[in-house]
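For reference, each letter of the sequence shown is one residue, going 2 to 62 in the numbering used here. Before any comments, here is the structure.
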Amino acid sequence: MNSKSKRVGKQNLRERSYWELSQEILKADTSSLERRVERLRRTFHCSFTKASGSKERCLMI
């Protein structure tokens, strides 16, 4: 094995561990995830209403 293939293997391992960590974070706390989704939904709604020229005020949590 040359050093290049070893480097690729380490990179793949690192990327996989990041993915596994993100999966654990997603599964960690459903209630906090739901709050995060609600916050994102409001943020996107705010961005959409601003983009459409609406004068509606939005609450940013």
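Note that CB positions come from ideal geometry on N, CA and C, so glycine has one too. Values in this document were obtained by computation on a predicted structure and should not be read as measured data.
Give the straight-line distance between the Cα atoms of L41 and L27, rounded to the nearest whole angstrom. The alpha-carbon atoms of L41 and L27 are separated by roughly 15 Å.
For I62, count neighbouring Cβ atoms within 10 angstroms of its own Cβ and tell me buried if that reaches 16, exposed if not. Legend: pLDDT at I62 = 40, less than 50; position of this residue unreliable, no value from coordinates given.
Rounded to the nearest angstrom, what separates T44 and R37 at their Cα positions? Computed Cα separation, rounded: 10 Å.
What's the C-alpha gap between K16 and L22? Here residue 16 turns out to be Glu, not Lys, going by the sequence shown. Answer to the nearest angstrom: the Cα atoms are 10 Å apart.
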